[in-house]
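For the sequence shown, my numbering begins at 325 and goes up steadily by one. Even glycine gets a Cβ: it sits at the ideal position worked out from N, Cα and C. Predicted model, so just to flag it, every value in this text is computed and none were measured. Take a look at the structure below.
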Amino acid sequence: MKIAIMGAMREEIAPILEHLESYKTLEHAGNIFYTGHYGGHELVLAYSKIGKVFSAITASVMCERFGIDALLFSGVAGGISPELKIGDLIMASQLCQHDVDIVAFGHPYGFIPEGTLMVPTDPALRSLASEVAIDMGIDLYEGIIATGDQFVASSERKSWIHETFNADALEMEGGSVACVCHNFGVPCFVLRAISDTANGEASEDFDAFLQTSAAVSATFILAMVHRLGH
Ligand code: SAH
């Protein structure tokens, strides 16, 4: 299979790139795409830069130019559910855009006409992830992830996102990537390890836990790649 793995930040992709024995690079559309082999598959890796626009560009290029069979997102997120502690893993069942607001016309928050409020991820990839988690003895949380172009560091905003979208975690790229994959018909999987809990201490926690949480997510994604298609 040809599998894309993307993150938003260099720190999210570096622990995966380390596992490729060799790779080639291609510069395109403001990104560097790394291609190589792992676990019997062809891989294409890239980090997009932060946010919905940059991540949509990268995901679109991966779908359109690289002819991928699946896209796996690996990275970190702010936890909303009190069950999620720093370092815990959550896979998105579905994702939304918490910062979309055309409510003045009677639409619900997050809804874009001719779109859907929630975009689901691929059920087969989710069930594979559940099997991998059992084999690795890891608790893998499944829930709604809310995406927006904001670093959330406030209990009020976090509660609003939870109440409005029933979201368990929030970040800045998953919803746009899932939307791109959905439109291209590419199976999508979004995994996040918690780096902070989106409260008043979020920026300090993020800085302290970015690397370790990014590594937790990357390790799990690599285990999934080993099992894909076998
Ligand atoms: N420290 C970085 C900015 C990080 S933005 C810098 O200065 O350049 C946070 C990144 O991690 C985004 O890619 C987002 O997807 C994820 N993330 C983790 N915690 C988050 C939170 N509380 N709110 C929004 N995004 C969060």
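Return yes when at least one heavy atom of the ligand SAH lies under 8 Å from the C-beta of residue i, else no.
i: G375; result: yes
i: F513; result: no
i: D520; result: yes
i: Q421; result: no
i: S428; result: Sequence inspection shows Ala at residue 428; the Ser mentioned does not correspond to that position. No, the Cβ of A428 stays beyond 8 Å of every heavy atom of the ligand SAH.
i: Q474; result: yes
i: A383; result: no
i: G411; result: no
i: V400; result: yes
i: M460; result: no
i: F530; result: yes
Would you tell me roughly how many angstroms separate the C-alpha atoms of residue i and residue j, rounded to the nearest one?
i: I545; j: G553; result: 14 Å
i: Y362; j: C503; result: 26 Å
i: K376; j: G461; result: 33 Å
i: M415; j: Y347; result: 28 Å
i: K482; j: A547; result: 31 Å
i: T431; j: D459; result: Checking the sequence shown, residue 431 turns out to be His, not Thr. Cα to Cα, H431 sits roughly 43 Å from D459.
i: D492; j: A477; result: 15 Å
i: C505; j: E525; result: 33 Å
Taking residue i as part of the alpha helix (DSSP H), name the residues at either end of that continuous run.
i: S519; result: Run containing S519: none in the alpha helix (DSSP H); it sits in the beta strand (DSSP E), C512 to D520.
i: H555; result: Not covered by the structure: residue 555. The range shown for the chain is 325 to 554.
i: F397; result: Where F397 is concerned, there is no enclosing alpha helix (DSSP H), although the beta strand (DSSP E) it sits in stretches over A394 to G403.
i: K482; result: S479 to F489
i: A538; result: A526 to R551
i: S451; result: P447 to M460
i: H506; result: G498 to F508
i: G388; result: A quick correction: the sequence has Glu, not Gly, at residue 388. K376 to R389 is the extent of the alpha helix (DSSP H) around E388.
Would you list the residues sitting across from residue i in a DSSP beta bridge?
i: H365; result: Y362
i: G331; result: Y371
i: L413; result: L464 and A517
i: P444; result: Q418
Counting along the chain, where does the beta strand (DSSP E) carrying residue i start and finish?
i: I555; result: Coverage of the chain is limited to positions 325 through 554, which leaves residue 555 absent and any answer about it impossible.
i: L350; result: Y347 to H352
i: A428; result: Here A428 belongs to no beta strand (DSSP E), and DSSP marks it neither H nor E.
i: L494; result: A493 to E495
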